[in-house]
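Each residue of the sequence shown is one higher than the one before, counting from 1 in the numbering used here. Think of the CB as a built atom: it goes at the ideal place given N, C-alpha and C, for glycine as much as any other residue. Single-structure report; data block below.
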Amino acid sequence: MKHRIVVLGAGYAGAHAAGRLARRLHPADTEITLVNADPYFIQRIRLHQVATGQTVARRPLSDVFAGTGVTLRQARVVAVDPGNRTVTCEDGIQIDFDTLVYALGSTATAASGHHVAGEQGALRLRDRLSELTGGATVLVAGGGLTGIEAVTEIAESRPDLDVAIAVRGGFGDWLGDRARHHLNRVADRLGITVHEHTDATRLTADATVWATGFSAHPIAAEAGLTVAGGRIVVDETMRSVSHPHVYAVGDAASATGPGGDPLRMACATGTPMGWQAADAIAARLTGGTVPKNNIRFYAQCISLGRRDGILQFVTADDRATPKAIVGGPAARLKEMVCSGAAWGIGHPTMLMPSRRRHTTADVVADTARV
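Here you go:
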């Protein structure tokens, strides 16, 4: 009997995990199923562009995984039963698994208002912005990477609007001096009003965009998996600490980073988490050596509209260093990063040599009994 691997979610982490598993494991011994609610891959790191009416490519997952051996199931997951090793979808269909990779990502924490945490939210914001006439007010709540990219994109694309951002602390206060000074210069150039040390709920606007954080889907906690803040707690191989036949990657996982704190939700961490989980699963099924976890931070790439940006270099544990690239060069580097991430998704089996190994019968049997 083939070992059934089910991957839930085809974002950056899940798509990379599925492609890498297909590259590592021989199809004679394993079945890999990728379950995703949408039929295409969404470039989440470009949703602030979608919100301002820009066209961003959506690649069909059927094209991405054609010829890889990965079976696609378009369905919305509503429940996971790790004890019985089943996944229940919205249409009532159940999918059985031996090993599960949970990569359902995150959503906006705001219960109301606009956001760019998902494609539908970005499209609703696009429609709202198109309704606004000159002089209307737009407020972005939240001064993290998402808030900064959203407010600068809106201000650049709609100079006729009165655009503001509200942050609880100082604007870009986690950045190094060079990057922070550049950020403030760009905000001045784009006419963005900055409200520092402010509770955004006390401000009003014709359109408010909430970028105050992301939260994990509740499915993991409801399944009885050990979670922290809704995210599945995993070891350094991305394996659930409570259910060893379940792995979690991307925004859905709480994995310890180099500084001892959980890795923050980001494409920069989600993709290598997907690689780590896939390599660990393949190693355990084939009797190989589980690779060491080397996930760390290198830089924060921030777009400030289409022609400006910041590349803030950081320590392994994501603390800003004095070094930063700013302006046009940083914008071009950010575009390279975004394009590269999309290319990697579109070519899931071309990122490394093919080494499809057969599973070891005893190892697979032991895994099934865990």
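Best match in the options for proximity to residue i [C-alpha to C-alpha]
i, options, result
"glutamine 276", "Gly9, Gly11, Ile93, Val101", "Val101"
"alanine 216", "Ala248, Arg307, Pro82", "Ala248"
"threonine 33", "Ser62, Ile45, Thr256, Lys292", "Ser62"
"alanine 220", "Gly105, Val50, Ala136, His26", "Gly105"
"glutamine 49", "Gly118, Arg180, Asp206", "Gly118"
"phenylalanine 297", "Arg58, Gly11, Glu149, Ala268", "Ala268"
"histidine 418", "Val87, Gln94, Gly288", "The question about residue 418 has no answer, for the chain in this structure spans 1 to 370."
"methionine 336", "Arg306, Asp318, Pro322, Val35", "Arg306"
"tryptophan 174", "Gly144, Thr198, Gly191, Ala200", "Gly144"
Residue i, DSSP secondary structure in three states
i, result
"leucine 8", "strand"
"threonine 269", "helix"
"valine 249", "coil"
"arginine 296", "coil"
"threonine 201", "helix"
"asparagine 84", "coil"
"proline 291", "coil"
"histidine 16", "helix"
"histidine 358", "coil"
"alanine 164", "strand"
"alanine 223", "coil"
"glycine 346", "helix"
"histidine 3", "strand"
"leucine 139", "strand"
"leucine 100", "strand"
"arginine 158", "coil"
"leucine 145", "helix"
"arginine 231", "strand"
"valine 151", "helix"
"leucine 123", "helix"
Residue i versus residue j - alpha carbon distance
i, j, result
"arginine 73", "glycine 327", "42 angstroms"
"alanine 211", "glycine 121", "12 angstroms"
"proline 353", "valine 116", "Its pLDDT being 48, under 50, proline 353 is placed unreliably by the model, and the measurement read from it follows with that caveat. Whole-angstrom Cα-Cα distance: 36 angstroms."
"isoleucine 345", "leucine 132", "35 angstroms"
"alanine 299", "leucine 333", "11 angstroms"
"arginine 356", "methionine 238", "21 angstroms"
"alanine 79", "leucine 8", "11 angstroms"
"alanine 18", "alanine 66", "12 angstroms"
"isoleucine 232", "arginine 4", "21 angstroms"
"aspartate 308", "leucine 183", "10 angstroms"
"tryptophan 343", "arginine 202", "42 angstroms"
"leucine 161", "alanine 136", "5 angstroms"
"threonine 360", "alanine 75", "31 angstroms"
"alanine 331", "glycine 69", "37 angstroms"
"threonine 52", "arginine 124", "10 angstroms"
"leucine 21", "cysteine 338", "23 angstroms"
"phenylalanine 313", "threonine 88", "42 angstroms"
"aspartate 98", "tyrosine 40", "26 angstroms"
"histidine 26", "threonine 86", "23 angstroms"
"glycine 213", "aspartate 206", "21 angstroms"
"alanine 37", "valine 77", "7 angstroms"
Where the beta strand (DSSP E) containing residue i begins and where it ends
i, result
"serine 242", "Careful: serine 242 lies outside any beta strand (DSSP E) and carries neither H nor E."
"glutamate 236", "First-last for glutamate 236: undefined, no H or E at that position."
"glutamate 31", "30–36"
"arginine 73", "70–74"
"histidine 195", "193–195"
"isoleucine 325", "320–326"
"isoleucine 95", "94–96"
"valine 116", "No beta strand (DSSP E) contains valine 116, which DSSP labels as neither H nor E."
"glycine 309", "309–314"
"threonine 107", "106–108"
"valine 209", "207–210"
"phenylalanine 214", "214–216"
Residue range of the unbroken alpha helix (DSSP H) whose run includes residue i
i, result
"proline 258", "Element bounds for proline 258: n/a, residue is neither H nor E."
"aspartate 177", "177–189"
"glutamine 43", "Careful: glutamine 43 lies outside any alpha helix (DSSP H) and carries neither H nor E."
"valine 64", "61–64"
Integer-rounded CB distance, given that residue j should sit under 8 angstroms from residue i
i, j, result
"threonine 146", "leucine 304", "Incorrect: roughly 13 angstroms between the Cβ atoms, too far for contact."
"alanine 252", "proline 262", "Not really, about 12 angstroms apart at Cβ, beyond 8 angstroms."
"isoleucine 45", "alanine 341", "7 angstroms"
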